[in-house]
Each structure stands twice: as structure tokens, then as C-alpha cells.
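Under my numbering, the residues of the sequence shown are numbered 670 to 1005, in order.
In what follows, a structure is listed as C-alpha cells, so that the remarks can point back to it.
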Amino acid sequence: MKEQIDNLVDELKNFKISSKDELEKFRLKFLVKKGLVNDLFNEFKSLTGEEKKKWGKELNVAKQKVESFYKSSLEQLEESGVGNSEVESELPGYFSELGGRHPISYVVEEMNQIFERLGFSVSVGPEVEDDWHNFSALNFPPNHPARDMQDTFFVEDDIALRTHTSSVQVRLMEEGNLPIRSVMPGRVYRNEAISARSNCFFHQVEGLYINKGVSFLDLKQTLYNFVQEFFGANTKVRFRASYFPFTEPSAEMDIFLGTETESDYKLTKGTGWLEILGCGMVDPNVLENCKIDSNEYSGFAFGLGVDRIAMLKYGVKDLRTFFNNDKRFLDQFATL
Ligand code: DAH
């Protein structure tokens, strides 16, 4: 018996395991039912009582050596990652899909570029805004009904998610680097019922030009220019008088789509005209709130709605589909 136990231990010493295959070979040789360890135990059964006493302990020690060698080899292999990363050079590689730009980002960028060609820079501001920048500086007095024009998500008493990008105008004017000629794209939030045509968040591109002697004519010409570049040279527009606390006079601008197709009919509510922006001459109160001398400087401002324009551009009927993160929808824009 002694010789057999010694042989087993010798075999164990000579065994080297450096791969999962070798580990499996070891298991098959030593540890299965018909393996070396069990063979010895079978022989052990046929020994006399005296001999069993003599060899039992040694046999158990040898068995434990085999088992712990197997266990530690397995652990080592797992730790070093051997066998997990075998390179199979014949297999085709994994194809990782490229993402695409979101259609709203694409429209915003296109708008920015048109204004940049007219000499506007691009500025951004925070989405969580204080009352001063979102309302008070823009000539919305406290408790004034004009505040209800924009249903607001409040974060704290005087802090809210901005309801429009006009807040960024205030930040730019406060910086005081005159003249200012900038567009300000961004996401805005309003507590509105969600439907195919309105959402609780949407996107605007704000525009601001402040200089000496700026007139309403400059405003109109800038916007005509934008429309011709974005919608095509023959696009008809109209201005309607309107009201915003921060501009005087104020207007809204519509573009003409007609009513020939069903979707144009619906989008324009049967009138053929679609409102795309609000605008006006910056109210002198706003200039003064931002420490700009309104006797010396004047300016115009406008706020373009991006989402509706994107719906129009891509023929999307339900605004919500832009933000559902449905890959099948977004994939259609992947090449943008
Ligand atoms: N802030 C307005 C809104 O969200 C849009 C707007 C109107 C912006 C007139 C302007 C402006 O800069 O002059 O409804």
C-alpha cells in the first residue's frame, strides 16, 4: 500500500496545470469514480483490520492533497482569466453599431449655423433658473398674470426649471459686453398636459441683438433671412401683433404651409399658417434691469420653437415620439 500511496503523491507532484484543459485532465485522472484516488480506496477496502489502521490516515492525507491541489489550481486559473479570453481568430468580430445624432439636435445645429453666418455667436445658460432671470428681470412683475402664460415647475420658492430660453438673454445682458449678437439654444420646461402636439419640455432657440440704433426693420430682415435659408427662398411669412412682457412692440411670426396635405391642414388648424416664433423690440425696462442704458442702446429679441419645426421638417406627427427613445424611430435619423 505504501508504494501505491507514494506513487500517487509522486504523480501529483509532477502534474502541472496551466490551462482549463489540463485541469480537466487532472480531474479525470485523479478525481472521478474510476480515478486514481478511488482505485486506492477500493484496494484499501480489501486490507485487513490491522493494515487499515496502519494506512487509513496516510491515504486520507494523500486524498486531501489531491483535492486541494485541484481546488487551488481552479482558483488560480479563474483569477488569471486563463481560458476566459481564448482568441478564436476564425470568428467574425463583433459589430458595434454607431449611434446617430438626435433629430432635435440636428435642427438646433442647423438653426445655429444660419445665425452664425449672420454674425451671431452661440451661448447657453442653466436649465434650473432663479426667478430673477426667468421672470423678474424680463419685466414680469411679482403676481402679474403674465406669469401664468407659462405654467412653471418650481424647485423651491424662487427657483424653477426655466420656462423659456429668454432667461439666457438676461444673463448675457448682465455680463455687459456690448454690442450683443447671440443665439441661445436650449431645453425649456412647462407644466402642460402632454399630447401629440405639446410636451412638458421642449426646445427653443432664443436670439438677441443689442446695439446702438437697432430697429424693428433689422429684426424683420434677420428673420426673413433665417426663414429663406431654413425653409426655402419662396417661403411666405407674416407678422401678427402680440404681447410679451419683455418686448415692446411684440409680434409672432407665422410661415405659410397651405392646407393642401392633410398634415399641413392639421398642423395649421385649417388656416395654412404655422406660428414658429415670438419676437419684438427689447423693452427698455429689461435693458435697465440689466444695467444697460436704454437711451443709448436698443435691441431686438426672438424665441423660435424647435420641436414643431422638427416635426414639420421630418413629417413626424406625434411630438412624443422624439423622446420615447425608441431605437426604430431614432435609427431613421442615424445618418444625420
Ligand atoms: N419667451 C417666449 C416664449 O417662450 C418667446 C419669445 C417671445 C422670446 C418674444 C423672445 C421674444 O425673445 O422677444 O413664449
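Ideal Cβ placement from N, Cα and C applies to all residues, glycine included.
Model, not experiment: these values are computed from the prediction.
**Q.** Through-space distance from residue 832 to residue 825, alpha-carbon basis
**A.** Spanning the alpha carbons of residue 825 and residue 832 requires a straight line of approximately 15 angstroms.
Decide if residue 959 is buried, meaning its Cβ has at least 16 other Cβ atoms within 10 Å, or exposed. buried
What would DSSP say about residue 903, mapped onto helix, strand or coil?
Coil.
**Prompt:** By Cβ distance, which residues of its chain are closer than 8 angstroms to residue 972, with the 5 residues on each side in sequence left out?
**Reply:** 833, 834, 835, 873, 874, 875, 876, 946, 947 and 948
Check: For residue 704, which of 890, 745, 680 and 812 has the nearest alpha-carbon?
Finding: 680
Going by beta carbon distance, what residues of the same chain come within less than 8 angstroms of residue 678, once the five residues before and after it are set aside?
731 and 734
Q) Just checking, does the stretch 908-924 make contact with the stretch 933-947 on the three C-beta pairs under 8 angstroms criterion? A) yes
Please state if the CB of residue 1005 and the CB of residue 769 are separated by a distance shorter than 8 angstroms.
Using a Cβ distance threshold of 8 angstroms, residue 769 and residue 1005 count as a contacting pair.
Check your understanding: For residue 798, is the classification buried or exposed, using 16 other Cβ atoms within 10 angstroms of its Cβ as the cut-off for buried?
Key -> buried
Exercise. Work out the CA separation of residue 718 and residue 697 for me, nearest whole Å.
Key: Cα to Cα, residue 697 sits roughly 30 angstroms from residue 718.
**Q.** Integer Cβ distance of residue 779 from residue 899, believed to fall under 8 angstroms
**A.** Taking the Cβ atoms as the reference, residue 779 lies roughly 7 angstroms from residue 899, within the contact range of under 8 angstroms.
Original post:
How is residue 916 classed by DSSP in three states: helix, strand or coil?
Top reply: strand
Under a three-way DSSP split, which group does residue 670 fall into?
-> Note: residue 670 maps to coil in three-state DSSP.
* So, is residue 762 buried or exposed, given that buried needs 16 or more other C-beta atoms within 10 angstroms? -> Residue 762 comes out exposed.
Run the proximity test for residue 829: is its beta-carbon closer than 7 angstroms to any non-hydrogen atom belonging to the ligand DAH?
no
message = Using 8 angstroms as the threshold, is the C-beta distance between residue 776 and residue 979 below it?
response = Yes, these two residues count as a Cβ contact at 8 angstroms.
### Query
Which word fits residue 764, buried or exposed, when buried means at least 16 other C-beta atoms lie within 10 angstroms of its C-beta?
exposed
Review point. From what residue to what residue does the alpha helix (DSSP H) around residue 785 run?
Key: 772-786
Is the CB-CB distance between residue 952 and residue 915 below 8 angstroms? yes
| said: Using a Cβ-Cβ cutoff of less than 6 angstroms, which residues in the same chain neighbour residue 827 once the five nearest sequence positions on both sides are dropped? | reply: 799 and 800
Give the straight-line distance between the Cα atoms of residue 811 and residue 954, rounded to the nearest whole angstrom. 15 angstroms
Report task. Assign residue 991 to buried or exposed, taking buried as 16 or more other Cβ atoms, counted over all protein chains shown, within 10 Å of its Cβ. Result -> buried
For a test of the three-state rule: what should DSSP assign to residue 822, helix, strand or coil? coil
| query | When DSSP labels each residue in this structure, what does residue 829 get in the three-state scheme? | reply | strand
Quick one: is the Cβ of residue 833 within less than 7 angstroms of any heavy atom of the ligand DAH?
Residue 833 Cβ: within cutoff of the ligand DAH.
Just the Cα atoms here: how many angstroms apart are residue 750 and residue 736? 21 angstroms
Any heavy atom of the ligand DAH closer than 7 angstroms to the beta-carbon of residue 948? yes
- Message: Just verifying my parser: in three-state terms, what is the DSSP assignment at residue 866?
- Response: coil
For this session: Drop a sphere of 10 angstroms on the beta-carbon of residue 802, count the other beta-carbons inside from all chains shown, and report buried for 16 or more, exposed for fewer.
Result: buried
Inset, instruction - Return the CA-CA distance between residue 789 and residue 865, expressed in angstroms with no decimal places. - result: 33 angstroms
Rounded to a whole number of angstroms, what is the C-alpha to C-alpha distance between residue 888 and residue 929? 30 angstroms
(message) Using a Cβ-based criterion (distance less than 7 angstroms to any ligand heavy atom), does residue 873 qualify as near the ligand DAH?
(response) yes
If I measure Cβ to Cβ from residue 853 and keep anything under 6 angstroms in the same chain, skipping five residues before and after, which residues do I get?
792, 834, 837 and 875
*residue 971 lies in the alpha helix (DSSP H); which residues open and close that run?*
Run containing residue 971: none in the alpha helix (DSSP H); it sits in the beta strand (DSSP E), 967-974.
| field | Boundaries (first-last residue) of the alpha helix (DSSP H) holding residue 688 | value | First-last for residue 688: undefined, no H or E at that position.
* Going by DSSP, which residues form a beta bridge with residue 880? -> 967
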